[in-house]
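Trainee: When we follow the numbering used here, the leftmost residue of the sequence shown carries the number 1, and every step to the right adds one. Note that beta-carbon positions come from the ideal geometry of N, C-alpha and C, so glycine has one too. Below is a structure I'd like to ask you about.
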Amino acid sequence: MIRMRQVGIEHLNRLIACELCPHRCGVNRLNGQVGFCRAGRDVVLYRYGPHMGEEPPISGSSGSGTVFFSRCTLRCVYCQNYPWSQEDAGRGYRTEQLLEVFAELASAGCHNLNLVSPTSWLPQVEEALACTDSAGQGLPVVYNTSGYELEETLEWFGERVSVFLTDLRYAEPQSAAEGSGQADYVDVARAALQKMWAMRGALEVDENDIAVSGVICRILVLPGREGEAIDNLHWIADTMGTDVSISLMSQYTPAYRATTVGGNWARPVTRREYERVCREMMDLGFDRGWMQEFKETQEELIGYRMAPDEGC
Ligand code: SF4
């Protein structure tokens, strides 16, 4: 049983008029109200456990202690996690139970606590992390996010974060509106990335090549929109430089509503599209990240190698 230390409830006060994310709903989640993300008082999570599918310094040899939180602040038409991000899968956890989850991951030998889409639940996570001397103690916290984040929330919770693992998916508001329902994603996610970079900077690893601090930016190449991935690479190079660790991803899969909305959303990325972005990444000089290997079938996907390599 986890021994809890008494702490104040100031973290949970952030739920009274919730403005944790750019939606700024202002609802009182302690009173049963819900906003855009439908998150309430108690944390809802779908599953947790050691995970080997992340970037090499996150997964390491023992796995990343991954917690998949339910609910989401975006509405991506291609979401692979839709049963728990968009629908109601998952179950509620009180703070003590969340502590048990963190402790279980720590005792399983995981390299870190990898919080996947935690934004709606940050006050409860903070409450859990702040009120114990044991659960997950010492494990770096990985903040695994779509990038749709408020700078002030990052400023507050970022003190807990060792590694920011964030997406930058679109460079055009129209694409962001079509793909994720938020035309302001480009401005918001770029500002968030700059904030993360200012807070943690370049990725640092320990003697076993496990991430201990820094920023990893994931760029998911979208079908018919490889030019936007290239735009984002140029923007990163111009604003933050090429020391940012880029994780270039080829794994787009037309899941959830992607097959019904039509257009390019209904198909995978082609090898030609993906290789174009790979070449640009190498030409720009990003050499601290990874490129996902391109596979013709989704079943074959997942597998990283260091950038830069020849071809993709
Ligand atoms: S976390 Fe949820 S309730 Fe709070 S502002 Fe964002 S969408 Fe609204």
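Taking all protein chains shown into account, do 16 or more other C-beta atoms lie within 10 angstroms of the C-beta of Asp167, making it buried, or fewer, making it exposed?
Mentor: Here residue 167 refers to the residue found at position 167 of the sequence shown. So Asp167 counts as buried.
Trainee: DSSP three-state label for Cys312, please.
Mentor: What you label residue 312 is simply residue 312 of the sequence shown in a count that begins at 1. Legend: pLDDT at Cys312 = 40, less than 50; position of this residue unreliable, no value from coordinates given.
Trainee: Does the Cβ of Gly273 have 16 or more other Cβ atoms within 10 Å, making it buried, or fewer, making it exposed?
Mentor: Indexing the sequence shown from 1 puts residue 273 at position 273. The question names Gly, but residue 273 is Glu in the sequence shown. By the 10 Å Cβ count, Glu273 comes out buried.
Trainee: Do Gly224 and Gly263 have their CB atoms nearer than 9 Å?
Mentor: Against the sequence shown, residue 224 aligns to sequence position 224. Against the sequence shown, residue 263 aligns to sequence position 263. Yes, the pair counts as a contact, with Cβ atoms nearer than the cut-off.
Trainee: Would you check whether the ligand SF4 has a heavy atom nearer than 8 Å to the C-beta of Tyr222?
Mentor: What you label residue 222 is simply residue 222 of the sequence shown in a count that begins at 1. Per the sequence shown, the amino acid found at residue 222 is Leu instead of Tyr. False, no ligand heavy atom lies under 8 Å from that Cβ.
Trainee: Which of helix, strand or coil does DSSP assign to Glu54?
Mentor: Walking along the sequence shown from the start, residue 54 turns up at place 54. Reduced to three states, the DSSP call for Glu54 is coil.
Trainee: Could you give the DSSP three-state label for Asn13: helix, strand or coil?
Mentor: As a position in the sequence shown, residue 13 is number 13, starting the count at 1. Asn13: helix per DSSP, three-state reduction.
Trainee: Please classify Gln174: is it buried, with 16 or more other beta-carbons within 10 angstroms of its beta-carbon, or exposed?
Mentor: Within the sequence shown, numbered from 1, the residue matching residue 174 stands at position 174. So Gln174 ends up on the exposed side.
Trainee: Whole angstroms are fine: how far does the CA of Asn28 sit from the CA of Thr242?
Mentor: Along the sequence shown, one-based indexing puts residue 242 at 242. Along the sequence shown, one-based indexing puts residue 28 at 28. About 42 Å.
Trainee: Quick check: the Cα distance between Asp46 and Ser70, rounded to an integer number of angstroms?
Mentor: Working through the sequence shown from its first residue, we reach residue 46 at position 46. Working through the sequence shown from its first residue, we reach residue 70 at position 70. A small correction: the amino acid at residue 46 is Tyr; Asp does not occupy that position in the sequence shown. Tyr46 and Ser70: Cα-Cα distance of roughly 6 Å.
Trainee: Is the separation between the beta-carbon of Gly90 and that of Pro50 shorter than 9 Å?
Mentor: Counting from 1 along the sequence shown, the entry for residue 90 is found at position 90. Counting from 1 along the sequence shown, the entry for residue 50 is found at position 50. In this structure, Pro50 does not lie closer than 9 Å to Gly90 by Cβ.
Trainee: Counting by C-beta, which residues lie closer than 7 Å to a heavy atom of the ligand SF4, in chain order?
Mentor: Answer in sequence order: Cys18, Glu19, Leu20, Cys21, His23, Arg24, Cys25, Val27, Arg29, Val34, Gly35, Phe36, Cys37, Ala39, Thr73, Thr119, Ser120.
Trainee: Quick one: is His234 buried, meaning 16 or more other Cβ sit within 10 Å of its Cβ, or exposed?
Mentor: For this step, residue 234 is matched to residue 234 along the sequence shown. The residue is exposed, with fewer than 16 neighbouring Cβ atoms inside 10 Å.
Trainee: How long is the line joining the alpha carbons of Cys21 and Ser146, rounded to whole angstroms?
Mentor: To locate residue 21, count along the sequence shown from 1; it is residue 21. To locate residue 146, count along the sequence shown from 1; it is residue 146. Their backbone Cα atoms lie some 12 Å apart in a straight line.
Trainee: Using C-beta distances below 7 Å, list every residue in its chain close to Ile16, excluding the 5 sequence neighbours before and after it, in chain order.
Mentor: Start at 1 with the first residue of the sequence shown, and residue 16 comes out as number 16. Excluding positions up to five away in sequence, the list reads Asn28, Leu30.
Trainee: If Tyr78 and Pro268 are in contact, beta carbons under 8 Å, what's the gap, nearest whole angstrom?
Mentor: In the sequence shown, counting from the first residue as 1, residue 78 sits at position 78. In the sequence shown, counting from the first residue as 1, residue 268 sits at position 268. That pair is no contact at about 10 Å.
Trainee: Just verifying my parser: in three-state terms, what is the DSSP assignment at Tyr256?
Mentor: One-based indexing of the sequence shown puts residue 256 at position 256. Reduced to three states, the DSSP call for Tyr256 is coil.
Trainee: Taking buried to mean at least 16 other C-beta atoms within 10 Å of its own C-beta, is Glu299 buried or exposed?
Mentor: Position 299 of the sequence shown holds residue 299. Annotation note: pLDDT 45 at Glu299 (below 50); position unreliable, coordinate value reported separately. It is exposed - the Cβ of Glu299 has fewer than 16 other Cβ atoms within 10 Å.
Trainee: Measuring CB atoms only, is the segment 210 to 220 touching the segment 157 to 171, in the sense that at least three cross pairs come out at less than 8 Å?
Mentor: The segment 210 to 220 is in contact with the segment 157 to 171.
Trainee: In three-state terms, what does DSSP make of Glu226?
Mentor: Numbered from its first residue, the sequence shown carries residue 226 at position 226. Three-state DSSP puts Glu226 in a helix.
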